[in-house]
Amino acid sequence: MLNETSTLIEYGAPIDAQTMVTPPDVTELELEPGHPGLGDEVYIRRRKELFALCRKHRLQRLGPPIIEYNAEETRIWREVSPKLDELHQKYASQIYLKAKRDLAITQEEIPQLRLLSERLRRETQMHLVPAEGALPYRTFYEYIADRGFPVTQFLRHGSHPEFTPEPDMIHDCLGHVPPLMNRDYAELLTLIGKAVAATNRGEQVLSLKRFSWFSIEFGLIQEAGEVKVFGAGILSSTGEIPYSLFSPEVTRRPFVTDVVINTDYDPSHMQNKLFIAPSLPFLRRELEGLVRRFGIPVV
Ligand SMILES: [Fe+2]
C-alpha cells in the first residue's frame, strides 16, 4: 500500500497529493505540444466548437448532443474502425466482443452517443456523459460513481488516423463503451468511482487510478487458457493490440494488487508494463479488498 507520508510519484515525477483530490478545471481547448492537429485551423475550429457544445451539455446535464459529423470525420471513422474490428475479433476478450455485437456499432457511420447511452441505461443502468476532452481523474470518476461514463465526441486528426495523444471518439466509443453493457464490468467500474469520490487522501486516489489504469484502461485478461485484450486503451489502438500481446519489449505479469498500485506508468507512449487479470470476478474481489483496507466508506 502506498505510504501516506511518502512523496507521490506520477509519470516519473513528484506530485502534490492535493492535485489528486482537488483537480484543476480546464475551461478552454488545449492541444498538447506535438498534437498532430496543431497548426490546422479547420481542425482547431471544429474542436473548439465541439468543446463548447459538449462542455455545456456536461455542465447542464443534458446528455450527449446529437452531432452532425462532417466528411473528414466520417472518413477517419471508416478507415480506423474496420482495422480495429479485425484485431478485436482475434484478440479482444469475450466480454468486449459480446457487448460490441449487442450494440451493433457500425463501421460505416459514426454512432450517436446519445442513442448508445439510452441503450446502456436499459441494460446496466449506466449512461454516457458528454465530455469536452480528457477530464481530471477525480472529476471523471465522480461521474462514474453516479453511473455516468464521460465520453468525448470529437475525432483524432486525419493525418494520423492510427494515433491519438488524447482520448477521442474512437477510443471512447470503441474502447470504453461496449463493456459498459456487461453488468459485472459496470459494477467494477462504479465501485472504483464511488471509492475515488469518497476518499480525500491523494495516495488512495493515486492507488485507485493505477488499479483502473492496469485493468480498465490497459488490462489483459485470461480467458479459456488464453490471454485476451481487456483494456480500452489497447482496444482502441491498432498498434497497441499486437504490441500488448506479442512485443518482446512488454512485461506481462500476473495482476497482483499491491504490485499494481505501486507501479507508475507513462501515458505518453505505448505501454510496456502490463498485468494479466485471471478474471473479472477476481478484479472485483481485489478491488473490494483494497477499498476495505483503505477504510473508504462505500455503499
Ligand atoms: Fe480511456
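Count along the sequence shown starting at 1, add 4, and that's the number in the working numbering. All C-beta atoms, glycine included, are put in the ideal place defined by N, C-alpha and C.
Query, Result
"N-terminal and C-terminal residue of the alpha helix (DSSP H) that PHE167 is part of", "First-last for PHE167: undefined, no H or E at that position."
"Inter-stretch contact (C-beta, 8 Å, three-pair minimum) for the stretch 251-264 and the stretch 275-283", "yes"
"Top-ranked residue by Cα proximity to GLY137, from PRO285, ILE245 and THR31", "THR31"
"PHE153 - partner residues in DSSP beta bridges", "LEU132"
"The alpha helix (DSSP H) enclosing ARG65, as first and last residue numbers", "Here ARG65 belongs to no alpha helix (DSSP H), and DSSP marks it neither H nor E."
"ARG289 versus PRO40: straight-line alpha-carbon distance, rounded", "41 Å"
"heavy atom of ligand 1 below 7 Å from GLU221 C-beta", "yes"
"Span of the beta strand (DSSP E) around LEU239", "Where LEU239 is concerned, there is no enclosing beta strand (DSSP E), although the alpha helix (DSSP H) it sits in stretches over 236-239."
"CA nearest to the CA of PHE158, picked from GLN22, LEU35, PRO28 and PHE250", "LEU35"
"Nearest-angstrom Cβ-Cβ length linking LYS232 and LEU224, presumed shorter than 8 Å", "7 Å"
"Check: PRO357 C-beta below 7 Å from any heavy atom of ligand 1", "This structure gives no information on residue 357, because the portion of the chain shown stretches from 5 to 303."
"At least 3 beta-carbon pairs within less than 8 Å: the stretch 159-172 vs the stretch 191-211", "no"
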